[in-house]
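Residue numbers (my numbering), protein chains in the order written: chain Y, 5 to 266; chain U, 3 to 237; chain P, 6 to 124.
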């Protein structure tokens, strides 16, 4: 008798505990446990058919489909803006140094790589709120919470095109380019009112040989391209760092740089 | 959490708590109890021939309810397969399960199937029934597929075979229950001998219906689970 | 007593659906509300000194009501399939909007509707 009351009182407690979990997996397992307790209660209520069915369906099948639904089946989600030489569309495929690195990394982890091309300003945002795992595409990441930057894999510099050249005194210019690379119009850049700050790869792509160099200002700071990893995937961040380290040590990184950015 | 949403949470909890308390107080003195219908308890064993009165209810007195439930199940399976179907992968990376899991799965899988058969065929004299049997068998197949790899399972248990089993069982069930209707008779409950209560061969057509429902539920559940296993998820 | 537990579980499930923002947890809470109502149904068939309604030799004993049990038996299995379908829709929603937060998805849907009407 006491066992019956204790069991009945335990049911809401387990339910509340399961549903107030932060992690989804914990909630699912909690509800599986709840189903099992419920099956025992059905036995006490003289309903063995119901108890058997509830135990099987609630504790086994329903838990299974939830777990199958929330597993992240082997995908590495990357958001990037196009950057020639680093990550650029070529017909159907994507080629470039950063794409190659990420592709090898994904295969090293046994995951599928999925790259989404988004405007430059959305890359950091997507990574920060966890929608994507990794951000790339010629990023010069500035700090910010929610996202971790890996070690720099390639040096770069910033160039400001157009404008009135008033950026000289800036400490480290914020990258003023935030659109899609595909939308950059070289002509409009040089004749535009406001200056657009580009990194080296993009600058080299839009540079025209016949324009005077006075309208281009090169910033003296040494920066580097790096990947941005979502703050929720710290393990992924360390893995990527380690992988880049390995690439650098074995000289493979230099080979890739020479191959893509000759 | 903003103040607005905190207020909302409070409002929800308080109002639901009030309603729950009201209902509890309303039933405080007398917890509701049904008076079991005379037929279902007193005359069930004689009329249906099955000792399990629950099976007598949902496979004899209320057979058409079960038919419609099975139809709902069928439609739900169709829906799951349709909306998940476009995201299947050709090959799933094999899960590196431990030896323990693989060995125990190899042991438990036939036991689960056997338990399913037992529950379905003896549902008229012991707890169980077609629905539970199908669920148990499906969970056994799921265990095997998780431990041994879904491709290994699909080689033996092809999708087309499972589909045929599902549709076949549903079709036979439909025919048996709906064909007598135009002839002015209810669904025949004595396709098999009614036998003496407590015997294995008793309960009229109840074991037959149980088996059909078990097959349908097994096939349908496995199709659902299979779609989930093959799905490329993002959550 | 079990009936009261069922009502309480139903209340908890409904509150959780309204309060938690994660879609998967909302579904779990819906399953909980289901379980609560089923418990209510089975509990009203139970009576003190009842026997399991599977017995041949005992003729004049008091039995638990087999009707709610029969109704609930198929309901549990069908609920599984319906829940799977609901989960499929949640998965498609998450894949489209890349988030499991219901509020965020709501905002994105509103934005899509606005932009869809404009373009």
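In this text, a Cβ means the ideal position worked out from N, Cα and C, and glycines have one as well.
My assumption, with CB atoms under 8 Å, is that residue i sits in contact with residue j. Please give the rounded CB distance.
i                      : j                      : result
residue 218 of chain U : residue 165 of chain U : Rounded, the Cβ-Cβ distance is 12 Å, inconsistent with contact.
residue 92 of chain P  : residue 17 of chain Y  : Wrong, their Cβ atoms sit about 26 Å apart, outside the cutoff.
residue 4 of chain P   : residue 23 of chain Y  : Outside the shown range of chain P (6 to 124) lies residue 4 of chain P, about which nothing can therefore be said.
residue 208 of chain U : residue 79 of chain U  : Not really, about 24 Å apart at Cβ, beyond 8 Å.
residue 232 of chain Y : residue 89 of chain Y  : Their Cβ separation, rounded to whole angstroms, is 19 Å, which puts residue 232 of chain Y and residue 89 of chain Y out of contact at 8 Å.
residue 78 of chain P  : residue 60 of chain U  : 6 Å
residue 111 of chain U : residue 159 of chain U : Rounded, the Cβ-Cβ distance is 11 Å, inconsistent with contact.
Nearest by alpha-carbon distance to residue i: which of the options is it?
i                      : options                       : result
residue 159 of chain Y : Y:98, Y:73 and Y:261          : Y:261
residue 57 of chain Y  : Y:71, Y:41 and Y:70           : Y:41
residue 51 of chain U  : U:196, U:220 and U:155        : U:196
residue 185 of chain Y : Y:112, Y:255 and Y:124        : Y:124
residue 206 of chain Y : Y:163, Y:247, Y:224 and Y:226 : Y:163
residue 200 of chain U : U:18, U:125, U:19 and U:32    : U:125
residue 66 of chain Y  : P:97, P:16, P:90 and P:43     : P:90
residue 122 of chain U : U:213, U:30, U:7 and U:21     : U:213
residue 63 of chain Y  : Y:228, Y:223 and Y:43         : Y:43
residue 106 of chain Y : Y:95, Y:120, Y:94 and Y:96    : Y:120
residue 67 of chain P  : P:119, P:76, P:74 and P:56    : P:56
residue 173 of chain U : U:150, U:140, U:157 and U:70  : U:70
residue 23 of chain U  : P:25, P:24, P:8 and P:26      : P:8
residue 115 of chain Y : Y:240, Y:30 and Y:253         : Y:240
residue 227 of chain Y : Y:259, Y:254, Y:157 and Y:247 : Y:157
residue 27 of chain Y  : Y:6, Y:75 and Y:122           : Y:75
residue 204 of chain Y : Y:143, Y:154 and Y:128        : Y:143
residue 71 of chain Y  : Y:100, Y:101, Y:99 and Y:31   : Y:31
residue 221 of chain Y : Y:135, Y:201 and Y:209        : Y:201
residue 55 of chain Y  : U:210, U:133, U:9 and U:204   : U:133
Do you know how far the Cα of residue j is from the Cα of residue i?
i                      : j                      : result
residue 235 of chain Y : residue 91 of chain Y  : 23 Å
residue 190 of chain U : residue 32 of chain P  : 40 Å
residue 39 of chain Y  : residue 176 of chain U : 32 Å
residue 76 of chain U  : residue 181 of chain U : 20 Å
residue 257 of chain Y : residue 230 of chain Y : 13 Å
residue 108 of chain P : residue 83 of chain Y  : 23 Å
residue 21 of chain P  : residue 211 of chain Y : 58 Å
residue 6 of chain U   : residue 13 of chain U  : 11 Å
residue 104 of chain Y : residue 157 of chain U : 36 Å
residue 173 of chain Y : residue 238 of chain Y : Any reading at residue 173 of chain Y is ruled out, since the residue's pLDDT is 49, under 50, leaving its predicted position unreliable.
residue 11 of chain U  : residue 27 of chain U  : 24 Å
residue 151 of chain U : residue 96 of chain P  : 23 Å
residue 255 of chain Y : residue 106 of chain U : 47 Å
residue 188 of chain U : residue 179 of chain U : 8 Å
residue 29 of chain Y  : residue 121 of chain P : 36 Å
residue 263 of chain Y : residue 132 of chain Y : 31 Å
residue 103 of chain U : residue 147 of chain U : 11 Å
residue 35 of chain Y  : residue 106 of chain P : 20 Å
Name the two residues that bound the continuous alpha helix (DSSP H) containing residue i.
i                      : result
residue 164 of chain U : 161-180
residue 41 of chain P  : 28-50
residue 258 of chain Y : 256-264
residue 1 of chain P   : Residue 1 of chain P cannot be examined here, being either before or after the span of chain P that is shown, 6 to 124.
residue 138 of chain Y : Where residue 138 of chain Y is concerned, there is no enclosing alpha helix (DSSP H), although the beta strand (DSSP E) it sits in stretches over 138-140.
residue 108 of chain U : 101-123
residue 220 of chain Y : Per DSSP, residue 220 of chain Y belongs to no alpha helix (DSSP H); it is in the beta strand (DSSP E), 220-222.
residue 136 of chain U : 132-150
residue 50 of chain U  : 46-50
residue 74 of chain U  : 65-86
Can the beta-carbon of residue i be found closer than 8 Å to that of residue j?
i                      : j                      : result
residue 53 of chain P  : residue 56 of chain U  : no
residue 223 of chain U : residue 137 of chain U : yes
residue 142 of chain U : residue 109 of chain U : no
residue 48 of chain Y  : residue 79 of chain Y  : no
residue 45 of chain P  : residue 83 of chain P  : no
residue 10 of chain P  : residue 117 of chain Y : no
residue 20 of chain Y  : residue 43 of chain P  : no
residue 60 of chain P  : residue 41 of chain U  : no
residue 47 of chain P  : residue 51 of chain Y  : yes
residue 206 of chain U : residue 193 of chain U : yes
residue 94 of chain Y  : residue 141 of chain Y : no
residue 73 of chain P  : residue 36 of chain U  : yes
residue 61 of chain Y  : residue 94 of chain P  : no
residue 215 of chain U : residue 82 of chain U  : no
What is the residue span of the beta strand (DSSP E) that residue i lies within?
i                      : result
residue 84 of chain Y  : 79-84
residue 17 of chain P  : Premise fails: residue 17 of chain P lies in the alpha helix (DSSP H), 7-24, not in any beta strand (DSSP E).
residue 119 of chain Y : 116-121
residue 228 of chain Y : 227-229
residue 201 of chain Y : 200-203
residue 18 of chain Y  : That residue, residue 18 of chain Y, is in no beta strand (DSSP E); its alpha helix (DSSP H) goes 6-23.
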